[in-house]
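Going by our numbering, the first residue of the sequence shown is number 204, and it counts up by one from there. Below is one structure, written out as structure tokens; the observations come after it.
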Amino acid sequence: MSPFSLSFLSLLFGLWFLNVFEFTFSFGLIATALPFSWVVGVSLYSKLLPMDIQGYGQGVRRSMESLAAIIGPLWSGTLSDTDPNYYLFFTLPSFLLLFVLILLLASFKRLKIII
Numbered sequence: 204m205s206p207f208s209l210s211f212l213s214l215l216f217g218l219w220f221l222n223v224f225e226f227t228f229s230f231g232l233i234a235t236a237l238p239f240s241w242v243v244g245v246s247l248y249s250k251l252l253p254m255d256i257q258g259y260g261q262g263v264r265r266s267m268e269s270l271a272a273i274i275g276p277l278w279s280g281t282l283s284d285t286d287p288n289y290y291l292f293f294t295l296p297s298f299l300l301l302f303v304l305i306l307l308l309a310s311f312k313r314l315k316i317i318i
């Protein structure tokens, strides 16, 4: 289980019971896991993209990360205030995590190992 899914589950239960410790724990997991995921994403993109479009691809990747960092809290904050059913908080990120896992496994064949 990845740090993101662990932090999401603890954040889900932290919002459910309004427990400050679980919210702080989940925020700590997210804060420690983000730098590692960014470095892995940059290195994987640099290995998979052709040399002539690497700058464009890295720009698109970084802009999507920034857009997700802006829209994600707005979406979850609005949804948690209007809908007491928290199943959407669990299912949508779970499907996105599964999609990213499938893409990661599919990209291993194209990965070039340079020693």
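The C-beta atom is built at its ideal place from N, Cα and C for all residues, glycine as well.
Neighbour-count burial assignment, residue i, 16 or more Cβ in a 10 Å radius
{"i": "L295", "result": "exposed"}
Separation of residue j from residue i, as counted between CA atoms
{"i": "F239", "j": "L277", "result": "24 Å"}
{"i": "S279", "j": "L247", "result": "29 Å"}
{"i": "R265", "j": "L237", "result": "13 Å"}
{"i": "M254", "j": "V263", "result": "15 Å"}
{"i": "P290", "j": "I305", "result": "Inspection of the sequence shows that residue 290 is occupied by Tyr rather than by Pro. Their Cα atoms are separated by approximately 23 Å."}
{"i": "I273", "j": "Y259", "result": "21 Å"}
Local conformation of residue i per DSSP, three classes
{"i": "F302", "result": "helix"}
{"i": "T227", "result": "helix"}
{"i": "R265", "result": "helix"}
{"i": "K312", "result": "coil"}
{"i": "P276", "result": "helix"}
{"i": "P296", "result": "helix"}
{"i": "P238", "result": "helix"}
Whether residue i touches residue j by CB criterion (8 Å)
{"i": "R313", "j": "L232", "result": "no"}
{"i": "V245", "j": "Q261", "result": "yes"}
Distance between beta carbons of residue j and residue i, contact taken as under 8 Å
{"i": "S249", "j": "Q257", "result": "6 Å"}
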